[in-house]
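**Q** Here it is, the structure, as structure tokens.
Residue numbers (the numbering used here): 5 to 132.
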């Protein structure tokens, strides 16, 4: 929503952080990480007020694949009111922070995105 982008830009200007935050409207799955490391905060739809649940259930696995493929080395924070999100995106959260988004009870999940999978990274070395 372009109006929401403008509101967010004014908020960031008022907070003096416009040089620290990149804000744009686009399909999230089309974006690439702008650097090797960083922090990504997203508030995707989660069915309480927006979208159909079946559409969201097919979206979240794509979101998880996108994070793994394009944001290795990053920390991703996902704000959602749907407790199934970590399982749907296929990532294990390193933190679960309860909070409210207005009147909606939510969780802010932190995901540390690693190159490859956690199982692959933790595999024992091969014996020679």
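Think of the CB as a built atom: it goes at the ideal place given N, C-alpha and C, for glycine as much as any other residue.
Answer yes or no: do residue 13 and residue 35 have a C-beta to C-beta separation smaller than 8 Å?
**A** For the purposes of this step, residue 13 is taken as the residue at position 9 of the chain shown. For the purposes of this step, residue 35 is taken as the residue at position 31 of the chain shown. Not closer than 8 Å, so no.
**Q** Taking buried to mean at least 16 other C-beta atoms within 10 Å of its own C-beta, is residue 60 buried or exposed?
**A** Within the chain shown, the letter at position 56 stands for residue 60. So residue 60 counts as buried.
**Q** So, for residue 33: in the same chain, excluding its five sequence neighbours on each side, which residues have a beta-carbon less than 8 Å away from its beta-carbon?
**A** The sequence position of residue 33 within the chain shown is 29, counting from 1. These residues qualify, in order along the chain: 66, 67, 70.
**Q** Please return the same chain residues whose Cβ sits closer than 8 Å to the Cβ of residue 117, not counting the five positions on each side in sequence.
**A** Start at 1 with the first residue of the chain shown, and residue 117 comes out as number 113. For residue 117, where only same-chain residues beyond five positions count, the Cβ hits under 8 Å are 71, 72, 75, 76, 77, 78, 79, 80, 95.
**Q** Measure from the alpha carbon of residue 100 to the alpha carbon of each residue in 106, 115, 10, then state which is nearest.
**A** Locating residue 100 in the chain shown gives position 96, counting from the first residue. Residue 115 is the option with its Cα nearest to residue 100.
**Q** Rounded C-beta distance between residue 82 and residue 48? I'm assuming under 8 Å.
**A** Locating residue 82 in the chain shown gives position 78, counting from the first residue. Locating residue 48 in the chain shown gives position 44, counting from the first residue. Going by Cβ atoms, the distance from residue 82 to residue 48 rounds to 7 Å, so yes, they are a contact pair.
**Q** For residue 98, which residues in the same chain have their Cβ closer than 6 Å to its Cβ, ignoring the five residues on either side in sequence?
**A** Numbered from its first residue, the chain shown carries residue 98 at position 94. Correct list, in chain order: 114, 116.
**Q** Can you tell me which of the three DSSP states residue 84 falls into?
**A** Translated into the one-based positions of the chain shown, residue 84 becomes position 80. Of the three classes helix, strand and coil, the one that applies to residue 84 here is strand, per DSSP.
**Q** If you draw a straight line from the alpha carbon of residue 107 to that of residue 38, how long is it in whole angstroms?
**A** Mapped onto the chain shown, residue 107 falls at position 103. Mapped onto the chain shown, residue 38 falls at position 34. So the two alpha carbons sit approximately 34 Å from each other.
**Q** Would you call the CB atoms of residue 92 and residue 103 closer than 8 Å?
**A** Here the question's residue 92 lines up with position 88 in the chain shown. Here the question's residue 103 lines up with position 99 in the chain shown. No, these two residues do not count as a Cβ contact at 8 Å.
**Q** The alpha helix (DSSP H) that contains residue 92, what's its start and end?
**A** Indexing the chain shown from 1 puts residue 92 at position 88. Unbroken alpha helix (DSSP H) run through residue 92: 89 to 93.
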